[in-house]
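For the sequence shown, the numbering used here assigns the number 66 to the initial residue and increments by one for each residue that follows. Shown next, in structure tokens, is the structure this report addresses.
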Amino acid sequence: MVYFSNTIQDTGDVSAYMIQTKDMMKSEKFFKDPRMPFAECRYSKSSIRQFKTHMHKAFSVGAVDLGKVLYTVGETTTELAVGSLALINPETIHSCNCIEGNERSFYMLYLDEDWCLEVQKSLWNVRVFQPVSCIRLDGQEIYDQYIKTMQVLIGNEDHLLKKEQVLVELLSQVFLLACKACDEQAPVCQNVEVLRQKLGGDLQADLTLAGLAEELAVNPYTLHRQFKRITGHTPHAYRMNCRIEQAKIYLQQGLDIAETALECGFFDQSHLHRYFKSMTTVTPQEYRVNFVQ
């Protein structure tokens, strides 16, 4: 059963921000309601910014409402336009960029995996998160439902209960269309799972593949191949993505950028800046200033 929040006062406040580019007609908007910590929204208007291949800890659903994009997940690249949704499982490498420098406007919805599992439990008898089996959904009905849901989440005109309800209804429909649910998920290679936890753990530690492989009593190059085959990342790329995801949390909390860089294992502020912008298209300062509550 999916439970809705009923312990937080419904004030209607939404923590939102807009980042203006040099062209004041263009903008990046991020929205996060502290009463719904499991959801984060983004809207980019008339953007030509390019994403480096990256991942999110969250389950992500996106759509363009202007223009077209090249959407890449793993080794698969497709063209995404109005009328289709992009579906991205947690910790899946991907990118979504404009075509030949043409502007595009798009929405992104990032959802906590544990919260998504609660939605799935209301649909099936499952104990672990069920990944979607496709990278896109086509159809005007589901696309329109997504756009309307994003407008409700971003707006200040609806109560918390309605926001949660429309979000659950959308995700339920997405999972019904895109998941091949089963009672048990195939077990991930034990060594890869242990390595995943270590790479996402102490972000300040100076880890080496040889040292990690020695702990697991395996050949380091075999471990490297297994990890990339199962996760789609090299161990280093996975760890850098984990650092960026943790940096987002610190920046949302208002932590100083230089301190955030050190806490997340970056050499310095410029090191964080370079990776953060390449993976999010915004700078840590743009992200931090506008997420402080």
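For each residue, glycine too, the CB sits at the ideal point set by N, CA and C.
Report yes or no: is there a C-beta of chain C within less than 9 Å of the C-beta of Asp209?
Judged by its chain identifiers, the structure shown contains no chain C, having just a single protein chain.
Would you report the Cα separation of Ala323 and His301, rounded to the nearest angstrom?
Counted from its first residue, the sequence shown places residue 323 at position 258. Counted from its first residue, the sequence shown places residue 301 at position 236. Straight-line measurement puts the Cα of His301 at about 22 Å from the Cα of Ala323.
Throw me the rounded Cβ distance for the Gly330 and Gln269 pair, which I believe falls under 8 Å.
Translated into positions along the sequence shown, residue 330 becomes position 265. Translated into positions along the sequence shown, residue 269 becomes position 204. Going by Cβ atoms, the distance from Gly330 to Gln269 rounds to 5 Å, so yes, they are a contact pair.
Taking Lys97 as part of the beta strand (DSSP E), name the residues at either end of that continuous run.
The residue given as residue 97 occupies position 32 in the sequence shown. Start and end: 92-97.
My parser needs the alpha helix (DSSP H) runs of 4 or more residues fully inside the stretch 129-166; what are they?
none
Option nearest Thr299 by Cα separation, candidates Leu135, His289, Lys228:
In the sequence shown, residue 299 corresponds to position 234, counting from 1. Nearest C-alpha to Thr299: His289.
Quick check: the Cα distance between Asp271 and Gly265, rounded to an integer number of angstroms?
Working through the sequence shown from its first residue, we reach residue 271 at position 206. Working through the sequence shown from its first residue, we reach residue 265 at position 200. Taking the straight line joining both Cα atoms gives about 12 Å.
Please classify Val193 as buried or exposed, where buried requires at least 16 other C-beta atoms within 10 Å of its C-beta.
Sequence index remark: in the sequence shown, residue 193 carries index 128 (1-based). That one is exposed.
With distance defined between alpha-carbon atoms, name the residue in Lys117, Phe103, Asp98 nearest to Ser343.
Your numbering for residue 343 matches position 278 in the sequence shown. Out of Lys117, Phe103, Asp98, Lys117 has the C-alpha closest to the C-alpha of Ser343.
Within the continuous beta strand (DSSP E) that includes Lys110, where are the two ends?
Position 45 of the sequence shown, counted from the start, is the residue given in the question as residue 110. That run of the beta strand (DSSP E) goes 104-112.
Return the CA-CA distance between Glu183 and His224, expressed in angstroms with no decimal places.
Position 118 of the sequence shown holds residue 183. Position 159 of the sequence shown holds residue 224. The alpha-carbon atoms of Glu183 and His224 are separated by roughly 21 Å.
Start and end of the beta strand (DSSP E) containing Leu202?
The residue given as residue 202 occupies position 137 in the sequence shown. Taken as a continuous stretch (DSSP letters only), the beta strand (DSSP E) holding Leu202 covers 201-203.
Have a look at Arg261 and Thr273 and give me their C-alpha separation to the nearest angstrom.
The residue you call residue 261 lines up with position 196 of the sequence shown. The residue you call residue 273 lines up with position 208 of the sequence shown. Each residue's Cα considered, the two are about 13 Å apart.
Whole angstroms are fine: how far does the CA of Pro285 sit from the CA of Phe332?
Counting from one through the sequence shown, the residue named residue 332 turns up at place 267. Counting from one through the sequence shown, the residue named residue 285 turns up at place 220. Approximately 25 Å between the Cα atoms of the pair.
Flag this pair as yes or no: are the beta carbons of Phe96 and Leu218 separated by less than 9 Å?
Here residue 96 corresponds to residue number 31 of the sequence shown, with the count starting at 1. Here residue 218 corresponds to residue number 153 of the sequence shown, with the count starting at 1. Yes, these two residues count as a Cβ contact at 9 Å.
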